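Some notes on the structure that comes next.
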Amino acid sequence: MINLTIDHKPVVVSKGTTILKAASSIGIDIPTLCYMKLDDMNIENKPGGCRVCVVEVKGRRNLAPACCTEATEGMEINTHSIRAINARRTVVELILSDHPADCLICAKSGNCDLQNMATHLGIRKIHYQGEKSTYREDTSPAIIREINKCIMCRRCETMCNDVQTVGVLSAVNRGFQAVVAPAFEMNLDHSVCTYCGQCVAVCPTGALTEVDQTGAVIRALSNQTKTVIVQTAPAVRAALGEEFGMPAGTLVTGKMVSALRRLGFDYVFDTDFAADLTIMEEGTELLNRLSAFMEGDKNVKLPILTSCCPAWVKFFEHHFPELKDIPSTARSPQQMFGSIAKTYFADKIGVKRENLVVVSIMPCLAKKYESSRPEFSVNGNPDVDFALSTRELAHLINLGNIDFNSLPNEEFDQPLGESTGAAVIFGTTGGVIEAAVRTAYEIFTGKPLPRVDFEELRGMDGLRKATIDFNGTPIHIGIAHGLGNARKLLEDIEAGNSEFHAIEIMSCPGGCIGGGGQPYHHGDAEILKKRQRAIYSEDKNKTIRKSHENPYITKLYEEFLGAPMSEKAHQLLHTKYFDRS
Amino acid sequence: MVEYNMHILVCGGIGCKASESEHIKTNFADRLNKYGLADEIQVISTGCFGFCEKGPIVKILPDNTFYTRVTPDDVVEIVDEHIIKGRKLERLLYKDLKTKETVGDSKGMDFYKKQIRIALRNCGFIDPENIEEYIGRDGYAALGTCLSEKTPEDVIRMIKDSGLRGRGGGGFPTGLKWELTRKSVSDQKYVVCNADEGDPGAFMDRSILEGDPHSVLEAMAICGYCIGAAKGLVYIRAEYPLAIARLKIAINQAREYGLLGDDILGTGFNFDVEIRYGAGAFVCGEETALIHSMEGKRGEPTVKPPFPAEKGYNGKPTNVNNVETFSNIPVIINKGAAWFASIGTEKSKGTKVFALAGKINNVGLIEVPMGITLREIIYDIGGGIKDGREFKAVQTGGPSGGCLTKSFLDTPIDYDNLVAAGSMMGSGGMIVLDDSDCMVAIAKFYLEFTLDESCGKCTPCRIGNKRLHEILEKITNGNGELEDLNRLRMLSNVIKDTSLCGLGQTSPNPVLSTLDNFYDEYLAHVTTHKCLAGQCKALIHFKIDPEKCTGCTLCFRNCPVGAISGEKRSAHYIDQAICIKCGVCFEKCKFDAVLIA
């Protein structure tokens, strides 16, 4: 153990503890800017670059960055000496001197770590003014890069390279011109970016934000000739409340429905309905492949991989195109919903496809990209017209002068609003495969599930595995969240070493609850865990918890699709993948 | 082996090569052939002699004749007069600056008299492309001694006892570094030679690699033996093509001779060296940045600890030393730690190579014992200030260093005294400034360099240096205010105090040391808006003294913008509205009639 004093307070810490952590253990909160750590997820950004956390260490020549300096025996640290305060303030002033001062109209205003830091330190004047960086703005289908606001914290780089292993964002140029950008400062849409949005999720400033489609949705809502319907993804209801000051993990399903109705959506539906549909298709596909495989069909490849996550789809299209016949061909719930809405439901209410506008509320930024993929449109009319993030929905609610907290709880509309507990858990890592197991088990064994909760599939570890006994047949299941973890499983498959029958992959750490479109977690991993708990509690409270028991799903097959994997289902609910290498 | 009676050494350093030294060499060979002397007189291309001011250099042994500024056309005369008739060619001999007399023997030249050449021992002496010449000068004897007679601990103790400190800038004790890397436990370790010389004007590492590459390879192998590494990597900037070429030749020759590779000298010790190229970023001289660059990552530093000795290249313990540091090693082994420690000062042992440049007569590369004074370097070795002007300051340590004024002329130069004087040893750049240099402009010049070379990772270096530079720009443009001087100092202190790596921690040094030593110049810039040295264009104008002007029209004819008017043989006049202050008139006037006001 190591003994030291911080601000004259003695503290004992274990070897390897940073000054920052040692200080926080005794209630001293040293400000940080670039530093970010998501506990238990093995995600840490610690470049020691911003120099905001510098502290004075007795006997040391220069100030020490608290985030990446280990405590040593006998250290005497002063975190708020005049030297440390002056340096910290000067460093923040320097950052502000190279930052557009457009806070009032910045997308990140109120959520900006730099703004908060300036407030925290009481910066009233910038003593060193000068030239400001000017970079071109870059707009992609999902993410906007306004790089004049980049402060080189490198959090996005950590997410893009270390966590996601996508490798699009990295520092380029030197000195004052140094900035985080794709190679050769190309645009994002010319890169292998998956639009997972994790860069946006961690960006401390307004340098990385989502493409804002709220205006387009308002225009559609006010257009009398359009019928506007909305679907909401499972993870949204577990996080939206945070935007209105509720504690993380507050479920706001009823209030959300109520708000959407007040905003003027003609029908408020649930992506969960489509998630149940996904299970029917994907589960059937899994069972077909599994049965054929077990019967010795050499043409059948296993494992089957989930395909709900658009960032993951784009990832394997770029990096593992030779494996593109392994993932399930089932479209994501968002796209299944759009497809069914613009055929089955449009017919039902007698509205022409072009007059039906489908809006989705997603925890995700890649959903914006996914909805724009040409294969998901008919004669130029997309199945999903607009994909808003959870944050954008909060903006819409504010624009609608709706006091969210006092809203009553309301129910989804039918028929595309009914869902099961299996669909709700799509919002968290492990949920899709658990939902699939609940249905596949009963179909495969012809017996009712002895238990509905599969704890062994749950958790926050980046890579998990479990074996589920399908009445004597062991089914090996792998789960990865974070594309870096997914890469490991894919490399095993490539090398022929994969032990799994089925693998669930979600791009974002924690799954959709940690998506790039969710309320900002500001580096607090506890928030993600609370959202996860909320999702499982919603599942538990549902009367129906298996997708194949959703009565409206049964009805949909009876009235329209026939059976899972039917020709019509293939046409409307399945897709193909492209080699983008 | 052929025994030669005479040796003609032609400088094959890159500077002299640029002045056709290759051509000089072939002309010698041709001429000697004509006399049938090819078997008696050897002509070789050597590494740099150091006396670059007077290159290309041709030295003739055994009588140490030192011919300067030789052209290919001079060769016939040198052979016919000197070689055949035995008469030294007076017109090409070095002329002493004080006595104005020619010096026939290089040992009599002031430039060399006070030098002790350890790191540069073979530069300008052997053919760097021939391993036998290196072996002939005790090359690889030290490696043999270490492998067959000494334990790694013995060798490390020797290096520690010698007092050798890192020559790349930091001055960290080399033996201690080796010991730390040795103590790190790992299946794999690396020896890295830092040849990413980046200080403006410094070229000692390049010269050593061009003139004596085997000395570095031998030292790396010794280091590998000591720390337990089988692999060495030389990180060299790609813009050193000649050094790279000679290093490659040396590596291949060493492998052929069994001095690199498996089972070296039959001792079972394996060690091999590979070359890694840098793209020429100053910050990659910082060891963590260098390691990241070698790993194929962006060349930017990371926080230490962990030090490379624990976690370096590919996460394995790595010992990084600079070229000059390595080149000292074999000599220390051969001659003993005590011998090495007898040279220098209490805490700085041995010699240091400096690249002498700026307003000095003898520009070049010199190796002097630690503890020598600036005065000896500038006035004895360097031959004094150019054009008889007055010494003002010398910038040591390159852009990370500071300037030393007249009051430091008699300070013994070593690591600690330089730091105490507000500068640093750095890699050994030494730029001499005279009274015509504006110190504010000099500080701005160095800052421009660091601004370009900062990796941009940490805030103070990325933005702070930019702001410092902007303030200096404001001052040299005549818009400075008294408050700016205060801001310069405050910001400089924060940058030093908060930057991540050595680059940012030292980048304000030129500003601070000029503020300390030449405050009056800064003050003049911001109060009376005058540049005392007459260098800052915005603060000066040129005018013609009608009393002195003879109306020769020379200025009128040379003015590029037609700002000068006047009749022949009558006083001329400069139109300030047109004048771009290029200073051509000032330089051209033979009557000192053009004045800087």
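Those protein sequences? They're chains A and B, same order as listed. If you want the working numbering, it's the position in the first sequence, counting the first as 1, plus 126. If you want the working numbering, it's the position in the second sequence, counting the first as 1, plus 105. By construction, the Cβ of each residue, glycine as well, lies at the ideal position given by its N, Cα and C atoms. As the structure is a computational prediction, the values presented were derived from the model and not from experiment.
Asked, Found
"Environment of A:Q350 [buried if 16+ CB atoms lie within 10 Å]", "exposed"
"Residues in the segment 560–574 of chain B having any Cβ partner in chain A nearer than 9 Å", "C560, G561, K562, C563, T564, P565, C566, R567, I568, G569, N570, K571, R572, L573, H574"
"For A:F446, the three-state DSSP class (helix, strand or coil)", "coil"
"C-beta neighbour in chain A for B:R270, strict 8 Å", "no"
"Spatially closest choice to B:A629 from B:R342, B:G585, B:E481, by CA coordinates", "B:G585"
"Helix, strand or coil at B:S150 according to DSSP, with G and I counted as helix", "strand"
"Continuous alpha helix (DSSP H) assignments of at least 4 residues falling wholly in the segment 229–297 of chain A", "239–247"
"Contact set between A:H253 and chain B, taken where Cβ atoms lie within less than 7 Å", "R592"
"Cross-strand partners of B:L338 (DSSP beta bridge)", "B:V297, B:E379"
"Three-state secondary structure (DSSP) of B:F691", "helix"
"Any non-hydrogen atom of the ligand FAD within 7 Å of A:L377 CB", "Ligands in the displayed structure: none, and consequently the ligand FAD is not present."
"Interface flag, A:G332 vs chain B, CB-CB below 8 Å", "no"
"B:P413: first and last residue of the uninterrupted alpha helix (DSSP H) it sits in", "Careful: B:P413 lies outside any alpha helix (DSSP H) and carries neither H nor E."
"The segment 299–309 of chain A in contact with the segment 613–625 of chain A per 3-pair CB rule at 8 Å", "no"
"Cα-Cα separation between A:T331 and A:G236, rounded to whole angstroms", "10 Å"
"Collapsed DSSP secondary structure at A:V550 in the structure displayed", "helix"
"Any C-beta of chain A under 8 Å from that of B:K601", "yes"
"Straight-line Cα distance separating A:E443 from A:P500", "15 Å"
"DSSP state of B:C664 mapped onto helix, strand, coil", "coil"
"Proximal chain B residues relative to A:E257, where beta-carbon distance stays under 8 Å", "K571, E575"
"Neighbour flag for B:L556 against chain A, beta carbons, 8 Å", "yes"
"Proximity to A:A385 [Cα-Cα], best of A:F686, A:A561, A:I569, A:D529", "A:D529"
"Distance CB(A:A192)-CB(A:T144) smaller than 8 Å", "yes"
"C-beta neighbour in chain A for B:R403, strict 8 Å", "yes"
"Neighbourhood of B:I490 by C-beta, 8 Å cutoff - its chain only, sequence neighbours within 5 removed", "K464, I465, N466, I483, F496, V537, D539"
"Three-way DSSP call (helix, strand, coil) for A:G640 in this model", "helix"
"Within-8 Å CB hit, B:V290 to chain A", "no"
"Same chain, Cβ closer than 6 Å to B:A326, five either side skipped, listed in chain order", "L248, F376"
"Chain B within 8 Å of A:G174, Cβ atoms only", "yes"
"N-terminal and C-terminal residue of the beta strand (DSSP E) that B:P435 is part of", "Note, B:P435: premise wrong, no beta strand (DSSP E); alpha helix (DSSP H) at 428–440."
"Near-chain B residues of the segment 281–312 of chain A (beta-carbon distance less than 9 Å), N- to C-terminal order", "S296, A297, V298, N299, R300, G301, F302, Q303, A304, V305"
"Residues of the segment 204–218 of chain A whose Cβ lies closer than 8 Å to any Cβ of chain B, in chain order", "R209, N212, A213, T216, V217"
"Selection from A:V138, A:M167, A:G174 that minimises the alpha carbon distance to A:N611", "A:M167"
"Distance, A:H253 Cα to B:Y172 Cα", "59 Å"
"Selection of the segment 390–421 of chain B by Cβ proximity to chain A, strictly under 8 Å", "R403, E405, T407, V408, P410"
"B:K164: first and last residue of the uninterrupted beta strand (DSSP E) it sits in", "163–166"
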